[in-house]
C-alpha cells in the first residue's frame with residue numbers, strides 16, 4: 001500500500017514567496033495548498049482534514065503568523081497540527097515568542113530545497 005504524500009498548507013501574503021515555497025515543496029513530492037492569509041488558512045482548515053503541517057509567514061496584514069499559531073493551538077480540532085513559521089527577519093524576541101507559543105520551528109527566508117527535510121521532520 002502506498003503512503004499519501006504529506007500535505008502542507010502554505011500561508012503567505014507575498015505571491016512570489018507563496019510560489020517559491022510551493023515549487024520547492026512540490027519538487028519534493030509534497031502536496032501543497034497555498035493561501036494568502038491567516039483567515040483564509042483557518043477557513044481552509046475548518047473544511048479540510050488531511051493537512052499535515054502549516055508553514056506560515058510571520059509578517060502578514062491583519063493576522064500575523066503568530067496569531068494564526070495561537071488560533072491553531074487553541075482549537076481542539078487543529079491543535080495537533082505542527083506549525084512552522086518563516087520570516088525574512090531574524091528577531092530573537094519574535095522567534096522565542098513563536099516557539100513558546102507552540103511553533104515546531106522558525107525558518108528564515110529565502111526558502112530553498114535544503115529546508116524541505118527539516119520541514120518534513122516536523123510532521
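Residue numbers (full-length UniProt numbering): 1 to 123. Glycine included, every Cβ here is placed at the ideal spot set by N, Cα and C.
Partner residues in the beta bridge of residue 87, as assigned by DSSP, are 108. Here the stretch 5-15 makes no contact with the stretch 100-107; the two share fewer than three CB pairs at distances below 8 Å. For residue 88, the closest of 35, 58, 123 and 120 by C-alpha to C-alpha distance is 58. Nearest to residue 62 by alpha-carbon distance, out of 36, 72, 50 and 45, is 36. In the displayed model, residue 64 falls within coil according to three-state DSSP, outside both helix and strand. For residue 106, same chain residues with a beta-carbon under 6 Å away, outside a window of 5 residues either side, are 85, 95 and 98 in chain order.
Contact check between the stretch 61-75 and the stretch 32-48: three or more CB pairs, one atom from each, fall below 8 Å, which counts as touching. Remark: C-beta atoms of residue 53 and residue 16 do not approach each other more closely than 9 Å. Within 10 angstroms of the beta-carbon of residue 6 lie 16 or more other beta-carbons, which makes it buried.
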